[in-house]
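Since the structure comes first, as structure tokens, the remarks are kept for the end.
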Ligand code: CAA
Ligand code: FAD
């Protein structure tokens, strides 16, 4: 096992981030969260405020306009925001840990200077485009082609399920350039909206995270300048996998927040609702549910913090991130179901929020690698 400094206390900086994110979630996100879920629409004004608060580029170095914070701060903020609004946190997670981090870690100086400041401030929103209609878990089977035409790539194909698909203005697109080299022929290109031949498909009507926009993206003879490639020729799949390791910490933190949000609501409700002459918390069956929820949520939090800490210490964190996502997403699904149960019939209606968290929880077992794929990643790491 990896040796990391064991310190279970949050630093003052971490507590300040937690408080700021908690306040923002309560005052800005909570008021319209049910309406946004119903309308399947995120409020651009809220996105602007999230940018202003520094939530869109938390780990981006200060010299590129970001917050210069560590991954634990980021995980703490994602957890707090996800307790209230998991649509807000997925928009944030993709922008921070896939798009900004990918650019910061692997982009050229010119690419960083051009894209990081607007992305970190929320003026621009980013999207990460790996999945395709026929290539989800099996991500090396890329059908989208980026034909090398000298000083530009000619991009053709379709990406599916793209978070921020419509609201983004810059997309990191993974595409195949040399099919004979299989995954070593894949490239990642920075593709701006508005290029001729780039179009956005219809919005998906989803079970959860309904206020975040998920679209397919279509590329028909889109000319992408060579300087928009990230890394060397053929680096695109490695780029996607390395970036996703960090993204998985973001989604694990999202799952943790969804679980913790539902738990906090259930704990409060259990002390208000009465049955058989006492508050339902007094029934041991309800106490035991809450005790189990608190325990598993704390275990999930430790896995998330561990993965974040390993990343901050520049140690290998692929396995830790996969474990955190695998476990936290299962806890989210289970704990939100228990929270609905504790609320009884009231849990089944929108007004009490836990039904939304239960719908939101499910996606955390699917995106950024399904639970089955996390097990595959963990199992392969066990042999290293
Ligand atoms: N970290 C670093 N490198 C990794 C890696 C990881 N976690 N996983 C795989 N790789 C590397 C391998 O080392 C290998 O590189 P080399 O050939 O240089 O050794 C290369 O990638 C190919 O790996 P495999 O040979 O293991 O390929 P495979 O096809 O058997 O398995 C996979 C690959 C792990 C299943 C991969 O396809 C995968 O992760 N699939 C899930 C895709 C995914 O997570 N999609 C998320 C889309 S983004 C999203 O969902 C955003 C959102 O919702 C908000
Ligand atoms: P499949 O790969 O077809 O899997 C179907 C089932 O088979 C799953 O249970 C899976 O675990 C299982 N399975 C597949 N292969 C194996 C195996 N080898 N061993 C065991 N079980 C296996 N993608 C992006 O690129 N960018 C985004 O921004 C993005 N956002 C998303 C937002 C939403 C709301 C959704 C629903 C998806 C998003 N995705 C995004 C796509 C997401 O990452 C994929 O849906 C996911 O990786 C699974 O791929 P798939 O849907 O093709 O399922």
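In full-length UniProt numbering, the protein residues as written are 5 to 388. Every residue gets a Cβ at the ideal spot worked out from N, C-alpha and C, and that includes glycine.
- Its chain contains 188 and 189 as the residues whose beta carbon lies nearer than 6 Å to that of residue 238, once the 5 sequence neighbours on both sides are disregarded; these appear in chain order.
- Within 10 angstroms of the beta-carbon of residue 12 lie fewer than 16 other beta-carbons, which makes it exposed.
- A distance criterion of 6 Å places the beta-carbon of residue 140 in contact range of the ligand FAD, judged by its closest non-hydrogen atom.
- With fewer than 16 other beta carbons inside 10 angstroms of its own, residue 186 counts as exposed.
- Between residue 41 and residue 233, the CB-CB gap reaches or exceeds 7 Å.
- With a cutoff of 7 Å on beta-carbon distance, residue 381 and residue 257 are scored as not near each other.
- Note on geometry: alpha-carbon atoms of residue 88 and residue 34 lie some 6 Å from one another.
- The DSSP assignment places 75–88 as complete runs of the alpha helix (DSSP H) inside the segment 49–89, in order along the chain (cut-off: 4 residues).
- Only buried fits residue 50, as 16 or more other CB atoms lie within 10 angstroms of its CB.
- The straight-line gap separating the alpha-carbon atoms of residue 265 and residue 160 is approximately 42 Å.
- The DSSP assignment places 190–196, 202–207 and 218–229 as complete runs of the beta strand (DSSP E) inside the segment 180–261, in order along the chain (cut-off: 3 residues).
- By the Cβ test, the segment 353–364 is not in contact with the segment 279–297, since fewer than three Cβ pairs between them sit closer than 8 Å.
- A distance below 6 Å between beta-carbons, with the five flanking residues on each side excluded, links residue 145 to the following residues of its chain, in chain order: 139.
- Residue 150 is not a Cβ neighbour of residue 260, given a cutoff of 7 Å.
- Collapsing the DSSP output to three states places residue 353 in coil.
- Distance from the Cα of residue 16 is smallest, within the candidate group 293, 344, 124 and 76, for 76.
- Distance from the CA of residue 163 to the CA of residue 230, rounded to the nearest whole angstrom, comes to 20 Å.
- A buried status is given to residue 191, since no fewer than 16 other beta-carbon atoms sit within 10 Å of its beta-carbon.
- For the segment 95–135, the continuous alpha helix (DSSP H) assignments of 4+ residues that do not extend past its boundaries occur at 105–110 and 113–125, in sequence order.
- In the three-state reduction of the DSSP assignment, residue 333 falls in the helix class.
- Between the segment 191–204 and the segment 167–181, the count of C-beta pairs closer than 8 Å reaches three or more; the two stretches touch.
- Residue nearest to residue 91 within the set 325, 72, 59 and 44 is 44 (criterion: CA-CA distance).
- The beta carbon of residue 67 sits no closer than 6 Å to any heavy atom of the ligand CAA.
- Straight-line spacing of the CA atoms in residue 321 and residue 315 works out to 6 Å.
- For residue 226, the closest of 10, 193 and 300 by C-alpha to C-alpha distance is 193.
- Here residue 356 has 269, 273, 347 and 350 as same chain residues with Cβ atoms under 8 Å from its own Cβ, once five neighbours each way along the sequence are excluded.
- If you draw a straight line from the Cα of residue 38 to the Cα of residue 78, it is about 25 Å long.
- Distance from the C-beta of residue 371 to the nearest heavy atom of the ligand FAD is below 6 Å.
- Rounded to whole angstroms, the gap between the alpha carbons of residue 60 and residue 294 is 33 Å.
- Across the set 80, 373, 323 and 27, the C-alpha of 323 shows the shortest separation from the C-alpha of residue 388.
- Exposed is the label assigned to residue 66, since fewer than 16 other Cβ atoms lie within 10 Å of its Cβ.
- Nearest to residue 62 by C-alpha distance, out of 113, 36, 86 and 125, is 125.
- In the DSSP annotation of this structure, residue 309 is not part of any beta strand (DSSP E); the continuous alpha helix (DSSP H) holding it starts and ends at 288–316.
- A distance of 7 Å or more separates the beta carbons of residue 210 and residue 217.
- Shown here for residue 336: same chain residues with a beta carbon closer than 6 Å to its own, the five before and five after excluded, namely 259, 262, 263, 365 and 368 in chain order.
- Residue 224 counts as exposed, since fewer than 16 other beta carbons sit within 10 angstroms of its beta carbon.
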